[in-house]
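Undergrad: Here's a structure for you.
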Amino acid sequence: MSIVTQIPPAPAALAREHFGRRLSFETDCADVAEALRVGEPDFVLLHVVGSATAFRRRHVPGALHLPHREISEARMAAWPMDTLFVVYCAGPHCNGADRAAYRLASLGRPVKIMIGGLTGWADEGLTFATEPEPEPAVSERTIRP
């Protein structure tokens, strides 16, 4: 008996129920990429961690930056209540997506986590979107002689 079979597998019906439940809470990078590729995503993709600067440097194409701490009823009012939100964070070492999902669910919003986050996106060999740094305001520019 190997370490794998020391605990016997669950009956097929119980396994089906378990994995079906998991899939109702999460999706993966490949599925999100395919939905974006065909151009008909039926969800709003949220990048829920990091600064605006970090977001501009690297994010999943089509994502909006909304840090989990800023998710509120007022911020979410821009979308109908039945909008599905897919949230992601830096990767498996980060719980920002869980925090965002918890906040969204607490507001009565449908939500799934994109497992893997930025790390998973990179591991799949998928490309990131980048945005140029904004020009500093006149008052922020360094004046050089």
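FYI, UniProt numbering numbers position 123 of the sequence shown as 123, with every residue one higher than the one before it. We put the CB at the ideal spot given by N, CA and C, even for glycine. Just so we're clear, the structure is a prediction, and the values are computed from it rather than from any experiment.
Throw me the rounded Cβ distance for the I71 and A97 pair, which I believe falls under 8 Å.
TA: Looking up residue 71 in the sequence shown gives position 71. Looking up residue 97 in the sequence shown gives position 97. Their Cβ separation, rounded to whole angstroms, is 12 Å, which puts I71 and A97 out of contact at 8 Å.
Undergrad: Given this structure, state the Cα-to-Cα distance separating A100 from V87, to the nearest angstrom.
TA: One-based indexing of the sequence shown puts residue 100 at position 100. One-based indexing of the sequence shown puts residue 87 at position 87. Their Cα atoms are separated by approximately 7 Å.
Undergrad: Excluding five sequence neighbours on each side, which residues of the same chain lie with their C-beta closer than 6 Å to the C-beta of G116?
TA: By one-based count along the sequence shown, residue 116 stands at place 116. Closer than 6 Å at Cβ, skipping near neighbours: C29.
Undergrad: Start and end of the beta strand (DSSP E) containing H59?
TA: Here residue 59 refers to the residue found at position 59 of the sequence shown. Element bounds for H59: n/a, residue is neither H nor E.
Undergrad: In the DSSP output, which residue or residues are listed as bridge partners for M114?
TA: As a position in the sequence shown, residue 114 is number 114, starting the count at 1. T27.
Undergrad: State the DSSP-derived secondary structure class of A129, mapped to helix, strand or coil.
TA: In the sequence shown, counting from the first residue as 1, residue 129 sits at position 129. Three-state result, A129: strand.
Undergrad: Terminal residues of the continuous alpha helix (DSSP H) containing L104?
TA: Position 104 of the sequence shown, counted from the start, is the residue given in the question as residue 104. First-last of the alpha helix (DSSP H) with L104: 96 to 106.
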